[in-house]
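Inspection log for the structure reproduced underneath, given as structure tokens.
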Amino acid sequence: MNRTIRHTAVFCLLLVLALLGRATWVQAYQAKALADNDHNRRKTIAQYAQPLGDIIVAGSPVTGSKRTQGSDLAYKRTYTQGELYAAVTGYSSQAYGATQLEGIYSHVLDGTDDRLKNPVDLVTGKQTAPGSVLTTIDPDVQKAAYKALGNDKGAAVAIDPTTGKILGMVSTPSYDPSKISGTNDGDVWQKLLSDQDKPMVNRALRQPLAPGSTFKLVVASAALENGLYSSVDERTDSPDPYTLPGTTTVLRNENASAPCENATLRTALQYSCNNVFAKAAVDLGQDKVRAMAEKFGFNTEKLDVPVRASESLYPSGMDKAQTALTGIGQFEVTATPLQMAMVSSALANGGELAAPHMVSKVTDAKGNTLQDFADGDTKRVVSASTAEQMRSAMVTVVEQGTGTNARIDGAEVGGKTGTAQNGVGNSNTPYAWFTSYAKSKSTGKEVAVAVVVEDSGSARSEVSGNGLAAPIAQKMMKAALKG
């Protein structure tokens, strides 16, 4: 054979072998990766080829599916009371993907999860009937929070302290996920993205803000746990006015006539005395305050409920003046409403924090359990004695102090208000906070809540935790305790 022809034949054979090898690699090893690629149109077609499974609240679906016209995507997602439950469900959009529960459980809800398939389905790749996601949300609590927040910009979370079940989660202003679920919703999508109030941000989980005086619950807990003071009724060493260490800056109290000089922790919580908690933070030192905050959940990077919450922060590397400011929930301390609800929840539950979660079960189309989320997975945060003393002081806040708008007939209610500075030199409208717990005296039912109002349109002088946030919390707690 001619040498040139032989070389050409060998070269062609190598090309054929390379082509066969590449085809085998794609077919055998890359098929699943290609099938799962978000840019693969076939994946989207399969996702919306049949009605989606539902997200369930108290036995009833808050989602649905609608047949489309003139599209290769046969069905699109619909929502029942979409604005009410948007902070829980997130959205499932043919054009923009899926978020929150819709995103986390997308394969269960579209029927492509392998757990839904029998052995034959796994081999053939057949799409099966979708499953459902059962939430822990109490519709009465959810509606109470949404109605009470109204036109305010803010968020609210309610937790069952003994189980960790999230009973309510609302973020306002909200949006209707149905309006962005199709392929031709670009105008609505752009309007939502450009809205300065950021309606698609879940403020309950994803927007940490300065917690203000609600953080004093953490500092008081640290003072008791570390033996700085033996009880909430022991007088403290707290000059009033208090000068921040190493500075000439005087930290004043909101109520100049309040009995804050050397006040007990109970009185200091009752009147929200800044001097007491700033001094306590310095006396404890930032390491001990941070350790206490972290037991409650601060500085946790991966807090999944199962939607991941943003990290609530207690800073490090501070001087004493900065540490003093953290004692009143300022400087670089930030918290989500979920985090502050966790603080009240742990104190209400005898010092044990039950892991918060808003999904109880994931099932297949026949109701068989695919995944179960156990209640009551707890960790010890403070001693039972500290928790009891803190609850007693929180009750004083509601009965005789700055949180009187949270009172509920027939229930033990304890709480803490907060008004947090916002902007350079507190140039913006302050944030109004309230965190609390309630326990029915007749049924023993319990709930812990946290509410933040970022902006209500009220005059600056009218912004307070008791005036704006406590009434919202009160309505949520009443809804949780009834029945």
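907 is the number of the first residue of the sequence shown in our numbering; add one for each residue after it. Idealized CB from N, CA, C, for every residue including glycine.
Residue 1119 and residue 1307 closer than 9 Å at C-beta: no
Have a look at 1375, 1388, 1316 and flag the residue whose alpha-carbon is nearest the alpha-carbon of residue 1054. 1375
Please name the residue, chosen from 1079, 982, 995, 1015, that lies closest to residue 1360 on a Cα-to-Cα basis. 1079
Coil, strand or helix - residue 1241 by DSSP: strand
Use the C-beta contact count for residue 1275: other C-beta atoms within 10 angstroms, 16 or more gives buried, fewer gives exposed. exposed
Tell me residue 970's beta-bridge partners as DSSP assigns them. 984
Could you spell out where the beta strand (DSSP E) holding residue 1343 opens and where it closes? 1337-1346
In angstroms, rounded to a whole number, what distance separates the CA positions of residue 1085 and residue 1047? 25 Å
Does residue 1003 come out as helix, strand or coil in the three-state DSSP assignment? strand
With the cut-off set at 9 Å, would you say residue 1234 and residue 1180 are in Cβ contact? yes
So, for residue 1019: in the same chain, excluding its five sequence neighbours on each side, which residues have a beta-carbon less than 6 Å away from its beta-carbon? 1013
What is the residue span of the beta strand (DSSP E) that residue 1378 lies within? Looking at the DSSP string, residue 1378 is not in any beta strand (DSSP E); the run it does join, the alpha helix (DSSP H), is 1376-1387.
From residue 1076 to residue 926, what distance separates their C-alpha atoms? 56 Å
Cβ-heavy atom distance between residue 1032 and the ligand SAH below 8 Å? The ligand SAH is not part of this structure, which contains no ligands at all.
Residue 1284: which of 1315, 1251, 991 sits nearest, CA to CA? 1251
When the Cα of residue 1144 is compared with those of 1098, 1264, 1171, 1015, which residue comes out closest? 1171
Across which residues does DSSP place residue 1361 in a beta bridge pair? 1059
From this set, 1328, 1133, 1300, which residue's C-alpha is nearest residue 1321's C-alpha? 1300
So, at 6 Å on beta carbons, what are the nonlocal neighbours of residue 964 in its own chain, with the 5 sequence-adjacent residues on each side left out? 1045
May I ask which residues mark the beginning and end of the beta strand (DSSP E) holding residue 1260? 1258-1260
Burial state of residue 1066 (16 or more Cβ within 10 Å): buried
On the DSSP letters alone, give me the boundaries of the alpha helix (DSSP H) that residue 1390 sits inside. What the structure shows of the chain is the stretch from 907 to 1389, and residue 1390 is not part of that stretch, so it cannot be assessed.
Taking 8 Å as the limit between beta carbons, can you name the residues of its chain near residue 1227, skipping five residues before and five after? 1150, 1151, 1152, 1153, 1155
In or out: residue 1112 buried (at least 16 other Cβ within 10 Å) or exposed? buried
Pull up the distance between the alpha-carbon of residue 1229 and that of residue 1081, whole angstroms please. 39 Å
For residue 1125, does the count of other Cβ atoms within 10 angstroms reach 16, so buried, or fall short, so exposed? buried
If we ignore side chains and look at the alpha-carbon of each, how far apart do residue 1393 and residue 1373 end up? Because the chain is modelled from 907 through 1389, residue 1393 falls outside the range shown and cannot be assessed.
Three-way DSSP call (helix, strand, coil) for residue 940 in this model: Low confidence applies to residue 940: its pLDDT is 45, below 50, so where it sits in the model is not reliable, and the reading given next is rough at best. Helix.
Would you check if there are 3 or more beta carbon pairs closer than 8 Å linking the stretch 1181-1197 to the stretch 1128-1143? yes
Going by C-alpha to C-alpha distance, which of 993, 974, 989, 990 sits closest to residue 983? 974
Classify residue 920: buried if its beta carbon has 16 or more other beta carbons within 10 angstroms, exposed otherwise. exposed
Counting Cβ pairs closer than 8 Å, one from the stretch 1251-1261 and one from the stretch 1092-1101, do we hit at least three? no
Helix, strand or coil: which one does DSSP assign to residue 1246? helix
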